[in-house]
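**Student:** Chains A and B, in that order, give the protein sequences.
For the first sequence, the residue numbers in this note's numbering are 2 to 593.
For the second sequence, the residue numbers in this note's numbering are 1030 to 1249.
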Amino acid sequence: MKQMKPVDVVIAGGGWTGLAMARELTARTALSVLVLERGPDRKFADYAANMDEVDYGIRKRMMQNIAEETITHRHTLRDTAAPVRQYGGILPGTGVGGSGEHWTGYAERHTPDDFHLATALREKWGAARLPDALSVQDYPLRYEDLEPYYWRVEQLMGVGGKAGNLKGKIVDGGNPFEGPRSHEFPNPPHRKTYPMALFEQASRELGYHPYTAAAATLTETYTNPDGITRGACQYCGYCMLYGCMVGAKSQPTNTLMPVLKRKSTFTLRANSWVKRVIHRDGKAEGVVYMDENGEEVLQPAAIVVLASFTPNNTRLLLLSKIGTAYDPLTGKGSLGKNFSHTVGGGGTSLALSKPLNGFMFAGGQSMRISDFNGFQGIPADSGVLRGGISNTAGGNLRPIGSFGRIPAGESARNWGSEWKKAAVKYFDKIAMIGVFEMDHLAYKHNYMDLDPTYTDKWGDPLLRITVDWTEHEQKQRAFAAEVTGKIAQQAAKTSGARVIGSERGGRASRRYQTAEYATTHVQGGAIMGTTSENSVVNSWLQHWHVPNLWVIGASSFPQNSSSHPTLTSVALTLRAADALIERYLKKPGALA
Amino acid sequence: MRRREFLTLPAKGVGGLLIYTLAGEPVRVNAQEGSLKIPLKFFTEHEARTVMAASERILPADESGPGATEANVVVYIDRQLAGPYGRDKFRYTKAPWIESVPEHGYQGKETPRELYRAGVVRLGQDFAQLAASEQDKRLMEIEKTYFFQMLRTHTIEGFLCDPLHGGNAGMIGWQMIGFPGPLMGYREEVEKHGVPFQRKPKSLSQVYGRPVKGWEEEPA
């Protein structure tokens, strides 16, 4: 095996968390930092001509090549898992910047009770009303502990929005149900599309509290504390699944790489696929990776940081035999437990008589209400334990992807002249109102381990995910559909639009599926907690048994929150970096 | 080495400019004279004519505007199948191949190229010559197959893709649905609610100012 010169820190994965960690280490210490990124060395200039729906929207050109590695999925312990053969439910990016290049840019904080959810659920509903299979855990930190880091990430990315709770004072126009902020947003909120304006008015008339989503797509030209200047969003409509051609969407390549490139202690090695963490006697010694020529390479390092895409952090630990794999039958072991996704759906569609110009939009541009988020507004008899955020996005109109959205009854078949006429007529006339994103609670039976059959291009076992929706998620979706139905009816009254259907039912929402896109927001597997029995990493994302190993990213979330994971992932990374730099380096060992 | 196959079409049947009558009916003008001889990269000429006829039934020319033939949908499909997508270069193709639940999507071993080869045979040697109603009957027989779903999806893609992929000739599909192409921005327009935005569409190459190649043309 080829052996490289030792470095102080090796980071597996060059996405948001890996590069944010590299930025902290290279700015504040003299340590040599090497980032190994599996994909190509993406650059800002690569995005100048990527506004092509076929290559990027449909063939998913920015994602990992699924031919080389995928995940397998089964619904229950009794089933045989099948590989996800073509992209569907989740879309892991590759290349420098990772999924942070093609993300949509929603930049929300968790709410305070997300951090002590297990306690909050017991207090709110009583232990007797909670399903036996629930395995929700508290974070080992409070919202207040993370608030300063949230503020740092918001400045780094230039997040736009309007505070609803400024130091405990409720401010009109923002989200009154959010946790207290120490500062107003660095940038103003997004402009409003037609569906956003309809949703805002209708929900206000119903007594709710609409606000514009926090977004990392710049609403104005902005210079961040690192001195990086980026231009304002132009609402071109090529955001999610695309890299930003003007640099308005905050991506690691336009936000972190310009700073890192100036550091002599920073090295980035692209096309380097990390396979194992090498360790002995509770100490990590480096990593083994495959280089661009397919040659196996040993990279010794004093500190190892795993910052790959969420499920792959768990997979690397399993392949490296670090920690005890979770057993869903006995509840023993912590590695791989508490896989969670997001419970989406419940939107209601409206047909409008006027054009929506739905092709004009930005990622993260959305009008929302949190009146049913967390425990807000949940009736005691609904059986719903946690709600979510109701969301009317910009437009998301795609020539190919949106063609064929027609009201039921317009055409007997989904092809032919009758269908085509309806598809043309309604192409830019359908607005999806209020789509919910709800907390996906953690359950004992939703977890990750290594697949016994299928392997990646090197012959290593794939990660197997066992997950299905429970009765609770059906109740959440039904409740969401009821709420958005009301808002859509109200919007129809004032705008002359017609309510044409809801996302209430369907087979797809009853059983977990991997064929159609859901969201890339998957969490868990290497979760943070209070003890080595209930978690894989401590509050500072340091491995319980291997103190010079850090596992960062949404793999550390004990469960999903209705708010998107990126901002929290990066905030937790900055907090971990503080602990690493200020405490671990001074006294290497387990941080108490 | 395969024999070179061409698809020869009357040029006035492809592309063109859409104008709307006072009654709102689209009329195609400005189509070219002469004929187009299109080199095929995957299909034989007979296969291309069968796929062309089938995609025309999925998106037929009618009073709502032009159809799949005028947009050159078959050229789009031919290029996609010739490229890495057609050969499943971006699909997990390791054994064992198992039957699974519908929630796991297509689990078959056949590549898009193989599915088309077999699908065209199933439509029949004479498919392109049949009356439209007969063609519809045959398509209804295979409506539930994965091949048909793929053909339907590819027809929409070829109708509304950026012209760099060979379909949407003359941006006729975009003209029909009122999509202006990948313009760089609408910062000043985004808040003009309900106001129609009508522009002659621009392709990615026109916006970028240089030719842009599709993924299907890059060496695998």
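Think of the CB as a built atom: it goes at the ideal place given N, C-alpha and C, for glycine as much as any other residue.
Remember, predicted model here, so these are calculated numbers, not experimental data.
With a CB to CB cut of under 6 Å and the five nearest residues on each side skipped, what residues in its chain are close to B:Glu1245?
**Tutor:** Closer than 6 Å at Cβ, skipping near neighbours: Arg1108, Gln1109 and Gly1112.
**Student:** Where DSSP assigns a beta bridge to B:Phe1254, which residues make up the other side?
**Tutor:** Residue numbering for chain B in the displayed model covers 1030 to 1249; residue 1254 of chain B lies beyond these limits and cannot be assessed.
**Student:** Using beta carbons (cut-off 7 Å, strictly below), is B:Pro1248 in contact with chain A?
**Tutor:** Answer no: the Cβ-Cβ gap between B:Pro1248 and chain A never drops below 7 Å.
**Student:** In three-state terms, what does DSSP make of B:Glu1163?
**Tutor:** B:Glu1163 falls in the helix class under three-state DSSP.
**Student:** Does B:Met1081 have its Cβ less than 7 Å from a Cβ in chain A?
**Tutor:** Not one chain A Cβ lies under 7 Å of B:Met1081.
**Student:** Residues of chain A with CB closer than 8 Å to the CB of B:Glu1186, please, in chain order.
**Tutor:** Simply Val55, Ile59 and Ile401.
**Student:** Please list the segments of the alpha helix (DSSP H) lying wholly inside the segment 1213-1244 of chain B, counting only runs of 4 or more residues, in order along the chain.
**Tutor:** For the segment 1213-1244 of chain B, whole alpha helix (DSSP H) runs of length 4 or above, ordered along the chain, are 1233-1237.
**Student:** Evaluate A:Gly127 with the Cβ neighbour count: other Cβ atoms within 10 Å of its Cβ, from every protein chain shown; 16 or more gives buried, anything less gives exposed.
**Tutor:** Answer is exposed; the Cβ neighbour count stays below 16.
**Student:** When the Cβ atoms of the segment 539-559 of chain A are set against those of the segment 313-325 of chain A, are three or more pairs found closer than 8 Å?
**Tutor:** With a cut-off of 8 Å, the segment 313-325 of chain A and the segment 539-559 of chain A count as touching, because enough Cβ pairs lie within range.
**Student:** Who are the near neighbours of A:Lys445 in its chain, counting only those whose CB is closer than 7 Å to its CB and skipping five residues on each side?
**Tutor:** The answer, listed in chain order, is Ala134, Ser136, Pro329 and Gly332.
**Student:** Once you ignore the five residues that flank B:Arg1146 on each side, which residues in its own chain have a CB closer than 8 Å to its CB?
**Tutor:** So the qualifying residues of the chain are Glu1076.
**Student:** Could one say the Cβ of B:Tyr1237 lies closer than 7 Å to chain A's Cβ atoms, at least one of them?
**Tutor:** At least one chain A Cβ lies under 7 Å of B:Tyr1237.
**Student:** Among the residues of its own chain, which have a CB less than 7 Å from the CB of A:Gly507, if the five just before and after it don't count?
**Tutor:** The predicted model places A:Gly507 with a pLDDT of 49, which falls under 50 and marks its position as unreliable, so this point remains unresolved.
**Student:** Can you find the residues in the same chain that come closer than 8 Å, C-beta to C-beta, to A:Ile229, ignoring five residues on each side of it along the sequence?
**Tutor:** Cβ within range, chain order: Asn255, Thr256, Pro259 and Val260.
**Student:** Taking its Cβ as the centre, do 16 or more other Cβ atoms sit within 10 Å of B:Gly1053, making it buried, or is it exposed?
**Tutor:** With fewer than 16 Cβ atoms within 10 Å of its Cβ, B:Gly1053 is classed as exposed.
**Student:** Would B:Pro1089 count as contacting chain A if we go by Cβ distances under 7 Å?
**Tutor:** For B:Pro1089, the answer is yes, since a Cβ of chain A falls inside 7 Å of its Cβ.
**Student:** Alpha carbon to alpha carbon, what distance is there between A:His280 and B:Tyr1175?
**Tutor:** If you take the alpha carbons of B:Tyr1175 and A:His280, they lie about 48 Å apart.
**Student:** Check the Cβ of A:Gly89 against every Cβ in chain B and list those closer than 9 Å, keeping chain order.
**Tutor:** In chain order: His1133 and Gly1134.
**Student:** For B:Lys1256, count the other beta carbons within 10 Å of its own beta carbon; 16 or more makes it buried, fewer makes it exposed. Which is it?
**Tutor:** Because chain B here runs from 1030 to 1249, residue 1256 of chain B falls outside it and cannot be looked at.
**Student:** Compute the distance between the beta-carbons of A:Pro301 and A:Gly283, then report whether it is under 7 Å.
**Tutor:** No, the Cβ-Cβ distance between A:Pro301 and A:Gly283 is not below 7 Å.
**Student:** With a threshold of 7 Å between beta carbons, is B:Asp1191 in contact with chain A?
**Tutor:** B:Asp1191 counts as touching chain A.
**Student:** Using C-beta distances below 7 Å, list every residue in its chain close to A:Phe45, excluding the 5 sequence neighbours before and after it, in chain order.
**Tutor:** Gly248, Thr254 and Asn255.
**Student:** For A:Thr30, which of helix, strand or coil comes out of DSSP?
**Tutor:** It is coil, neither helix nor strand.
**Student:** Is it true that the CB of A:Leu318 sits closer than 7 Å to the CB of A:Leu451?
**Tutor:** Going by C-beta atoms, A:Leu451 is not nearer than 7 Å to A:Leu318.
**Student:** Taking only beta-carbon atoms, is A:Met433 less than 7 Å away from chain B?
**Tutor:** Not an interface residue.
**Student:** Would you kindly check if the distance between the Cβ of A:Tyr57 and the Cβ of A:Leu299 is under 7 Å?
**Tutor:** It is not a contact, given that the beta carbons lie outside the stated cut-off.
**Student:** With 8 Å as the limit, tell me which residues of the segment 1150-1162 of chain B have their beta carbon closer than that to any beta carbon of chain A; keep them in chain order.
**Tutor:** Answer in chain order: no residues at all.
**Student:** In the structure shown, what three-state DSSP assignment does A:Leu35 receive?
**Tutor:** Three-state result, A:Leu35: strand.
**Student:** Between B:Arg1228 and chain A, is the shortest Cβ-Cβ distance under 7 Å, so that the two count as touching?
**Tutor:** No, its Cβ sits nowhere closer than 7 Å to a Cβ of chain A.
**Student:** When burial is assigned at 16 or more other CB atoms within 10 Å of the CB, is A:Gly208 buried or exposed?
**Tutor:** Answer is exposed; the Cβ neighbour count stays below 16.
**Student:** Any residues in the segment 1192-1209 of chain B with a beta carbon nearer than 8 Å to a beta carbon of chain A? Which ones, in chain order?
**Tutor:** Those residues of the segment 1192-1209 of chain B that come within reach of chain A (Cβ to Cβ, closer than 8 Å) are Leu1193, His1194, Gly1202, Trp1203, Met1205, Ile1206, Gly1207, Phe1208 and Pro1209.
**Student:** Assuming A:Arg75 is part of the beta strand (DSSP E), what are its boundary residues?
**Tutor:** Note, A:Arg75: beta strand (DSSP E), Ile72 to Arg75.
**Student:** Apart from the five residues on each side of it in sequence, which residues of its chain come closer than 7 Å, Cβ to Cβ, to B:Gly1063?
**Tutor:** Once the five neighbours on either side are set aside, the close Cβ partners of B:Gly1063 are Ala1040.
**Student:** Please classify A:Asn313: does DSSP put it in a helix, a strand, or coil?
**Tutor:** Helix.
**Student:** For A:Asp173, count the other beta carbons within 10 Å of its own beta carbon; 16 or more makes it buried, fewer makes it exposed. Which is it?
**Tutor:** Burial call: exposed.
**Student:** On the DSSP bridge list, what partners appear for A:Ser418?
**Tutor:** Beta-bridge pairing links A:Ser418 to no other residue.
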